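Inspection log for the structure reproduced underneath, given as structure tokens.
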Amino acid sequence: MSMLKLSWKYLLAKPWNTALNILLLALGLSIITVLILIQDQFENKMNKDAAGIDLVIGAKGSPLQLVLSSVYHIDFPTGNIPLDEAKAISRNRLIKNTIPLGLGDNYQGFRIVGTNHDYLDLYGVTFSDGEAWNRAFDVVLGSEVAEKSGFEVGDVFVGSHGIEAASHEHDEHPYKVVGILAPSDNIVDQLILTSIESVWYAHDEEHDHDKMEKGIAKSGFPETEAGEERELTTLLVQYRNPIAAVQLPRLVNSRSSLQAASPSFEISRLFELLGVGISLVQGLALIIVLIAGLGIFIALYNSLKERKYDLAVMRAIGASKEQLFILIILEGILLTFLGALAGLLIGHLFLYILVTMNEQGALSGLRADVFLNQEWWILAYALAVGILASLIPAWNAYRTDIANQLTK
Amino acid sequence: MIATKSIQFSYEGVPAFEIPDIEIKAGEALLVLGKSGSGKTTFLNILGGLLAPEKGEILIDGISLYSLKGQNLDKFRGKNIGIVFQKPHILGPLSVAENIALPHFFSKSSHSDNVDHYLKELGILDKKNARINTLSEGEAQRVSIARALVNEPKIILADEPTASLDDENAKIVVDLLKTQAAKLKAALVIVTHDQRIKNEINQSITLKRKDL
Chain A
0 MSMLKLSWKY LLAKPWNTAL NILLLALGLS IITVLILIQD QFENKMNKDA
50 AGIDLVIGAK GSPLQLVLSS VYHIDFPTGN IPLDEAKAIS RNRLIKNTIP
100 LGLGDNYQGF RIVGTNHDYL DLYGVTFSDG EAWNRAFDVV LGSEVAEKSG
150 FEVGDVFVGS HGIEAASHEH DEHPYKVVGI LAPSDNIVDQ LILTSIESVW
200 YAHDEEHDHD KMEKGIAKSG FPETEAGEER ELTTLLVQYR NPIAAVQLPR
250 LVNSRSSLQA ASPSFEISRL FELLGVGISL VQGLALIIVL IAGLGIFIAL
300 YNSLKERKYD LAVMRAIGAS KEQLFILIIL EGILLTFLGA LAGLLIGHLF
350 LYILVTMNEQ GALSGLRADV FLNQEWWILA YALAVGILAS LIPAWNAYRT
400 DIANQLTK
Chain B
0 MIATKSIQFS YEGVPAFEIP DIEIKAGEAL LVLGKSGSGK TTFLNILGGL
50 LAPEKGEILI DGISLYSLKG QNLDKFRGKN IGIVFQKPHI LGPLSVAENI
100 ALPHFFSKSS HSDNVDHYLK ELGILDKKNA RINTLSEGEA QRVSIARALV
150 NEPKIILADE PTASLDDENA KIVVDLLKTQ AAKLKAALVI VTHDQRIKNE
200 INQSITLKRK DL
């Protein structure tokens, strides 16, 4: 026998009560766990995906939408911009480098992004098989796309128009897989990358096979023939110096057809908007934990009334006041410890389900099998609740009047 | 083995009890008689180190019981005094064997291998792993006796141990207390108003309250 075992036996003597308290606490803590996991990873992911992109230039519309669509590939693009204007702005002395993007197609929900090889360098990708595209309609698959679709180098598929699955198919222009990327834990994993020319030609009404054989631009803008009017979706911009951050957005926004949006600014704005909701859920979770603590307090307090005699008997056979105090505290700690473990487990499980159900949404790429340092705090917090809830009952046990109790 | 010297005790608003000095040698037994309200149980609690007297001294094997304080008193009680209550008061969440082993744990006693021995002595070995709520009244009382004996105490105190038992079980319980106390060479004090016990033990004192 040990104090822990004795406490445990008393908890087991009331299995439903014990289970209910553990469950209630676990519920509250699991919500907190999910929030912590999502918040941490979401911010991490957001920052990682936007690393190296100082500004996004695209069509007028919502700046948040522009950032979401062209950096995170979540929302719809705001529209297209003329290639000439994009080229003109990219020559600005404040800009160090630009990466053009052409969006608009998908394969089973995975977005096909037309760009150049600079995009690969931006995310520092490595190839697990094959190499980067060198011709129109050659594509490189992100690791997740390759895994889900089962495609290998050399396979051929047809993209669909639009950025959501099940739209009109461009069946006359099959894409050919030439490379597969190693997992990089960022947005690239979920993209199908190709040249801008591929995206253009896929939407052309007539088939100009000579043009398709001509080769593609690996850096900078694709070449166009005189008089040819082409469009881009967005430009990812790297500043040359800090002054650019002040001047460039204003400069771009003053041009009628273009708008510039800063990913870091838009994302902090997004978190600000979401923050209210997160705080609300967090508050709710804290209240649940508080109620669980109260439940544990009431359970211990009530069980103590029934157990006054047991406690007096323990004293009579040699238990000290301190031992009884510890006995009750241990019950509180055991309850909350199990509740915390269950809560962490449920939290991770819940996130796992959430992520598997939203494979292509904003939550995709989050992991349920990471353990954050903050989760130790959840454990500590739960144990503090347990000790707090059992303090008064334990004090009552400490003060048990043996003789009085035994003669009752 | 146990001796008391001029113990005084009173509850508020009630005249003080008259408690005679007693002395019980190892292996001897004493019956404490008296009407209800005469302080029998109070006397037993004082002897058991559960209730400090207002005045006087209890000497157990030469040690003044109430000179011990706090944990020391608790551990001394656990090791040297075995108490059998009127009702068995066995701890429900634990098994029979765990109940009996509990005094070992609380008083950190060295006799930790004698649980089976006492189960056997009291004829309840087959109930070793039984749940408490499956025991009969007589069996439960025997478990509580085993729990009082397991630390091989110098003093065994029993408070109305037969009050809720039928004739047969009452006889078994008194016999068990007598033989086990004799085996341990312990002093046995039984508080009772049960006529069935009076003939079993020769020495007795009777407590009175001043106004009764």
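Chains as they are written, first to last, in numbering that gives the first Met the number 0: chain A, 0 to 407; chain B, 0 to 211. For every residue, glycine included, the Cβ atom is placed at its ideal position computed from N, Cα and C. Values in this document were obtained by computation on a predicted structure and should not be read as measured data.
Return the residue from the list the options that minimises the CA-CA distance to residue i.
| i | options | result |
| --- | --- | --- |
| G101 of chain A | A:L310, A:I94, A:K95, A:R110 | A:R110 |
| L180 of chain A | A:L140, A:N301, A:L310 | A:L140 |
| E136 of chain B | B:Y117, B:A169, B:D112, B:E151 | B:A169 |
| L65 of chain A | A:A18, A:N403, A:T233 | A:T233 |
| V198 of chain A | A:I37, A:N79, A:Y380, A:D154 | A:N79 |
| N115 of chain A | A:T193, A:S302, A:S68, A:N46 | A:T193 |
| G158 of chain A | A:N185, A:N357, A:G108 | A:G108 |
| I327 of chain A | A:E151, A:Q246, A:E143, A:I297 | A:I297 |
| A318 of chain A | B:V13, B:I62, B:S108, B:S63 | B:S108 |
| I73 of chain A | A:N357, A:I377, A:N16 | A:N357 |
| A216 of chain A | A:Q246, A:G113, A:F126 | A:G113 |
| N91 of chain A | A:S263, A:I242, A:I21 | A:I242 |
| I131 of chain B | B:F75, B:G91, B:L206 | B:G91 |
| I295 of chain A | A:K4, A:W15, A:L119 | A:W15 |
| I52 of chain A | A:S89, A:A18, A:G60, A:V236 | A:V236 |
Does any residue of chain A have a CB that is nearer than 9 Å to the CB of residue i?
| i | result |
| --- | --- |
| D60 of chain B | no |
| D73 of chain B | yes |
| L121 of chain B | no |
| H103 of chain B | yes |
| G212 of chain B | Only positions 0 to 211 of chain B appear in the structure, and residue 212 of chain B is not among them; the question remains open. |
| L206 of chain B | no |
| S106 of chain B | yes |
| E97 of chain B | yes |
| Q179 of chain B | no |
| R76 of chain B | yes |
| P92 of chain B | yes |
| V146 of chain B | For clarity, residue 146 of chain B is Arg in the given sequence; the question names Val instead. Chain A, which has a Cβ nearer than 9 Å to the Cβ of R146 of chain B, makes this yes. |
| N198 of chain B | no |
| A100 of chain B | yes |
| L46 of chain B | no |
| L50 of chain B | yes |
| I189 of chain B | no |
| F42 of chain B | no |
| G26 of chain B | no |
Assuming residue i contacts residue j (C-beta within less than 8 Å), just tell me the rounded distance between them.
| i | j | result |
| --- | --- | --- |
| V277 of chain B | L46 of chain B | Any property of residue 277 of chain B remains undetermined from this structure, which presents chain B solely from 0 to 211. |
| A25 of chain B | K126 of chain B | With 8 Å as the limit, A25 of chain B and K126 of chain B do not qualify as a contact, their Cβ atoms being about 31 Å apart. |
| A410 of chain A | V251 of chain A | Residue 410 of chain A is absent from the model: chain A starts at 0 and stops at 407. |
| D117 of chain A | S218 of chain A | 6 Å |
| I196 of chain B | L30 of chain B | 7 Å |
| T215 of chain B | V173 of chain B | Because residue 215 of chain B is not part of the residues shown, which for chain B are 0 to 211, the question remains open. |
| F324 of chain A | A393 of chain A | 5 Å |
| Y238 of chain A | L93 of chain A | 6 Å |
| F84 of chain B | T41 of chain B | Rounded, the Cβ-Cβ distance is 14 Å, inconsistent with contact. |
| R208 of chain B | P14 of chain B | 6 Å |
| A25 of chain A | I345 of chain A | 6 Å |
| G103 of chain A | G342 of chain A | G103 of chain A to G342 of chain A, Cβ: 44 Å. No contact. |
Taking CB distances under 9 Å as the criterion, tell me whether residue i reaches chain B.
| i | result |
| --- | --- |
| Y9 of chain A | yes |
| R314 of chain A | yes |
| S1 of chain A | yes |
| T495 of chain A | Residue 495 of chain A is absent from the structure shown; chain A starts at 0 and stops at 407. |
| S389 of chain A | no |
| A402 of chain A | yes |
| Y308 of chain A | yes |
| A12 of chain A | yes |
| E321 of chain A | yes |
| A396 of chain A | no |
| G317 of chain A | yes |
| L5 of chain A | yes |
Checklist entry - Using 8 Å as the threshold, is the region 88-108 of chain B in touch with the region 144-161 of chain B, meaning 3 or more CB pairs across them? => result yes
Checklist entry - Quick one: any contact between the region 362-371 of chain A and the region 272-287 of chain A, if contact means 3 or more CB pairs under 8 Å? => result no
Item to check | Inside the region 106-171 of chain A only - alpha helix (DSSP H) runs reaching at least 4 residues | outcome: Counting whole runs of 4 or more residues, the region 106-171 of chain A contains the alpha helix (DSSP H) stretches 116-121, 142-148.
Checklist entry - Is there contact here, the region 7-21 of chain B with the region 393-400 of chain A, by at least three beta-carbon pairs under 8 Å? => result no
Checklist entry - Is it true that the region 383-396 of chain A meets the region 327-342 of chain A, where meeting means three or more beta-carbon pairs spaced less than 8 Å apart? => result As far as the Cβ criterion goes, the region 383-396 of chain A touches the region 327-342 of chain A, which means the pair count is three or higher.
Item to check | 3-residue-minimum beta strand (DSSP E) runs that sit fully inside the region 36-114 of chain B, ordered along the chain | outcome: 54-59, 80-83, all fully within the region 36-114 of chain B.
Checklist entry - Below 8 Å, can you find three or more Cβ-Cβ pairs linking the region 81-101 of chain A to the region 280-298 of chain A? => result no
Next on the checklist: Quick check for students: name the residue ranges of the alpha helix (DSSP H) that lie wholly in the region 102-177 of chain B, counting only runs of 4 or more.
Outcome noted: 114-120, 136-148
Checklist entry - Considering only residues of the region 172-259 of chain A, which uninterrupted alpha helix (DSSP H) runs meet the minimum length of 4 residues and lie entirely inside it, listed in chain order? => result 195-202, 208-211, 241-253
Item to check | Stretch-stretch touch, CB-based, cutoff 8 Å, three pairs: the region 219-235 of chain A with the region 171-178 of chain A | outcome: no
Checklist entry - Mind pulling the alpha helix (DSSP H) runs of 4 or more residues that sit fully within the region 261-346 of chain A? => result 262-315
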